[in-house]
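Heads up, the thing below is written out as structure tokens.
Protein chains: 2
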Amino acid sequence: MSMDWTSRYSLRTRRVRSSEIRELLKITEQPGVISFAGGLPSPDAFPLQRFEEACHKVIAEQSAHSLQYGRTEGYEPLRDWIAANMSRYGVHARLDNVMITSGAQQALDLIGKLFIDRGDRVLVEAPTYLGALQAFNAYGAEYFSVPIDSEGIRTDLVEEPLRSNPKFMYLLPNFQNPAGTTLSEGRRHELVLLADKYGVPIIEDDPYGQLRYEGEHIPPLIVIDRENLRRDSGYAIGNVIYLGTFSKTIAPGLRLGWIVAPPDVIAKLVQLKQSTDLHTSTFTQHVAYEVVRDGFLEQHVKVIRNLYRERRDVMLEALKEFFPPEVKWTHPQGGLFLWVTLPQSLDSRQILEAAVAQSVVFVPGNSFYAIPGKMDHHMRLNFSNAAPELIREGIRRLGLAVGSQLLTTYA
Amino acid sequence: MSMDWTSRYSLRTRRVRSSEIRELLKITEQPGVISFAGGLPSPDAFPLQRFEEACHKVIAEQSAHSLQYGRTEGYEPLRDWIAANMSRYGVHARLDNVMITSGAQQALDLIGKLFIDRGDRVLVEAPTYLGALQAFNAYGAEYFSVPIDSEGIRTDLVEEPLRSNPKFMYLLPNFQNPAGTTLSEGRRHELVLLADKYGVPIIEDDPYGQLRYEGEHIPPLIVIDRENLRRDSGYAIGNVIYLGTFSKTIAPGLRLGWIVAPPDVIAKLVQLKQSTDLHTSTFTQHVAYEVVRDGFLEQHVKVIRNLYRERRDVMLEALKEFFPPEVKWTHPQGGLFLWVTLPQSLDSRQILEAAVAQSVVFVPGNSFYAIPGKMDHHMRLNFSNAAPELIREGIRRLGLAVGSQLLTTYA
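Protein chains in written order, with the numbering used here: chain A, 1272 to 1682; chain B, 1272 to 1682.
Structural data, given as structure tokens:
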């Protein structure tokens, strides 16, 4: 007989669906298509010569370790480097606060695995990072979805759901994906106090924190938590779990991220990671360490900031030039994305159809809501991947697509 | 207040514990310790020059893709290579039957994620691979645990639990971890028919299949399933999901494995993998492809077989010379492990204490049972990692430890 596979799938995973982004990325591989859809860094930002030297050194001098099984928590020199590097941002972490993950996406998966039983609630921003929703969905999460405005999550709407004791709050404070907004310092203080008052942890996802193009650095929640609540230990032991990544500063193809958390939480996450993939590639960890060390990353991030600042500015200029005046967008101070708000009468998925006909793609806003509406009038635009002249041309085409839909609506 | 993290952990993961192997690996890092504990390949088996050339080529010619985000299902040329390579063993797989994983351990995690809700039953061998139990435990699995003998799992004891409809059977047919035994061809035929009769899929985990040192190749379950049940498609669409890995043939530090399954199952696993880590490192996938291609892996596996056959023989010889006559062990035809059976009066964890005092370590049998007993009189010995002279010396010391415990018991 023929195996009925579907009937054997776990209840948790039956509602997991392929993401629209994933389907879109297939279109973007066609020649001539300008893509604002993915969250792809520019290949121009990959430090190739440094990679080549690092690979050579790792194979020549560290092959017995770099190609062998390694510790689940990660390569110790890399963890040490991360702890030291984060202290530059006021995060007091030491070796046992740091665990390496296979990209920040794995950190989200492990967080889901650790905290979420089927039906458990998680508090998220509306909109929020699609990949986090997918990670939590696979464990059967339900959501409190709190709107954001130009200062980030609406803290005046957070206390009510906190009373229902969600498992954690998941927040992207810096240059949020998808909206590009940054959580204000005042609201950071409020959230840290609320987390403590209700005993609900914060998962602080910070993939873009180092990519600030203007304005002043704002301390991460993990730092404010420690300072405000006068933690008596010098190290990360508070209410915040912090997620970082090398995907946006070195290269996403390595799949390297990290978690900073209290040592007991790290120990439990290490147990879960052990059963998930034993450990992250020792080879890529050794290579990454040889790339970032001795101040290289700090210098390289400056190069990336200049590259992406220019692209952001080109996109902002082009939007002003080519988009109808009814359309609004965010002005991100960093990161990879901006968020376009269309007139409410428009459905961004219909705009996407018109855009694909013009060989330009973006991600419709729908994908980014834990509790999606029937239609949505937002577009997420990525500005890091395409070259400036293509950004300009892509926004011109997109402006035509938006304009034609507006005409249809008015007609 | 101080966060009560533990109370927030998911019910599924509360019984996940750190493995004894993990703790042991810490001891093995001390100088002078001879380890038979891990499942580590020999660093002498890593093809360094080929790696160096592959890295150089990948960075020089493929950087824009190899360092960028990639497809969740994996790098297409590598998947194609795997499909073609497996056809040499009679497995008819094509591109949409193959998905790349971050080591075979991730394949086990994804299988657990896909099939297991808390309390679901899985049929496993007793003993079986510890890492599989850990992966399934994290989803709240319960077990039917069926004993093995010298021909592998006792098929006469399999039908009874199959009537209770476990989610799947998990089997290691070749040179099983930990016992080193191989499932006979007759029993393979029986199992394939039973799987079909009861509609219970088989997960065939085959990390060591290419490392056969003597005897005839036996077709994998996925091939027997197709041939016996006269599948009308030419491709993998039957009742068996097959797991492979490059960890034992190239290097475990890359964390590269694969799953062969019907296309619909692959599509669902791809969705789950997307939320787990987006994709496996594109860089290591590109490097691995450049390493294995053009017949290199086939030649290299011959080198590894010779290396490990010698080490197995040295260990078997040393066991005969240094172990008391009451002790028995398996004679594996391949793989990395053999399984020692001590007199029932002995507890292998006590032997381990005596062994550590002699600076030699192994893994006690307890760790490998889904439903562990109070004590166990088995030892898993790895013979791939230590050089021949160290194997001999380690077995001599272990013989002393066993002998001293036997004396204590008789006294």
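The beta carbon of each residue, even a glycine, is placed where N, CA and C say it ideally should be. What you are looking at is a predicted structure, and each value in this text was computed from that prediction instead of being measured.
9 Å Cβ cutoff, residue i in contact with chain B
i	result
E1753/A	Residue coverage of chain A in this structure runs from 1272 to 1682, which leaves residue 1753/A outside it and unanswerable.
L1623/A	no
H1550/A	yes
S1306/A	no
T1553/A	yes
S1518/A	yes
K1539/A	yes
F1322/A	yes
T1547/A	yes
I1330/A	yes
R1651/A	no
H1363/A	no
H1327/A	yes
D1427/A	no
Limits of the alpha helix (DSSP H) - the one that residue i falls within
i	result
P1432/A	1430 to 1433
I1382/B	1374 to 1386
W1352/A	1347 to 1358
P1534/B	1534 to 1548
Q1333/B	1319 to 1337
E1561/B	1553 to 1563
Q1621/B	1619 to 1628
Host beta strand (DSSP E) of residue i (start-end)
i	result
N1653/B	1649 to 1653
M1586/B	Segment 1567 to 1593 is the alpha helix (DSSP H) holding M1586/B; no beta strand (DSSP E) there.
T1612/A	1608 to 1612
A1397/B	1392 to 1397
I1530/A	1528 to 1531
Cβ-based burial, residue i [other Cβ within 10 Å; buried from 16]
i	result
I1642/A	exposed
E1569/A	exposed
P1596/A	exposed
V1574/B	exposed
G1457/B	exposed
D1535/B	exposed
P1302/A	exposed
G1509/B	buried
E1430/B	exposed
Q1377/A	buried
Cutoff 9 Å: residue i Cβ touching any chain A Cβ
i	result
W1352/B	no
S1281/B	yes
T1452/B	no
W1276/B	yes
G1309/B	yes
E1347/B	no
E1498/B	no
S1334/B	yes
D1367/B	no
D1476/B	no
G1341/B	yes
7 Å Cβ shell around residue i - same chain, five flanking residues per side excluded
i	result
R1286/A	N1408
Q1691/A	Nothing can be reported for residue 1691/A, as the shown portion of chain A is limited to 1272 through 1682.
A1628/A	none
Q1621/B	Q1676
L1385/B	K1539, L1540, L1543
Cut-off 6 Å between Cβ atoms - residues of its own chain near residue i, not counting five sequence neighbours on either side
i	result
R1389/B	R1283, G1411
W1600/B	L1590, L1609, V1611
T1516/B	A1375, P1478, G1528
L1607/A	G1310, N1653, S1655
L1464/A	none
M1650/A	V1611, S1619, F1633
L1623/A	P1635
P1533/B	I1508
Chain-order list of residues whose beta-carbon lies under 8 Å from that of residue i (same chain, five-residue window excluded)
i	result
E1347/A	L1366
V1329/A	S1337, F1554, H1557, V1558, E1561
E1413/A	G1390, D1391, R1392, V1393
I1387/A	V1393, F1407, Y1410, G1411, A1412, K1438
beta-carbon residue i near the ligand MG non-hydrogen atom, thresh 8 Å
i	result
E1660/B	In the structure shown, the ligand MG is absent, as is every other ligand, since no ligand is present at all.
- prompt: Between the stretch 1395 to 1420 of chain B and chain D, which residues of the former have CB atoms less than 8 Å from a CB of the latter, in chain order?
  reply: The structure shown contains no chain D; its protein chains are A and B.
Taking only runs of the alpha helix (DSSP H) that begin and end inside the stretch 1406 to 1462 of chain A, which ones reach a length of at least 4 residues, in chain order?
1430 to 1433
- Message: List, from N- to C-terminal side, the beta strand (DSSP E) runs of 3 residues or more that fit wholly inside the stretch 1475 to 1525 of chain A.
- Response: 1511 to 1516
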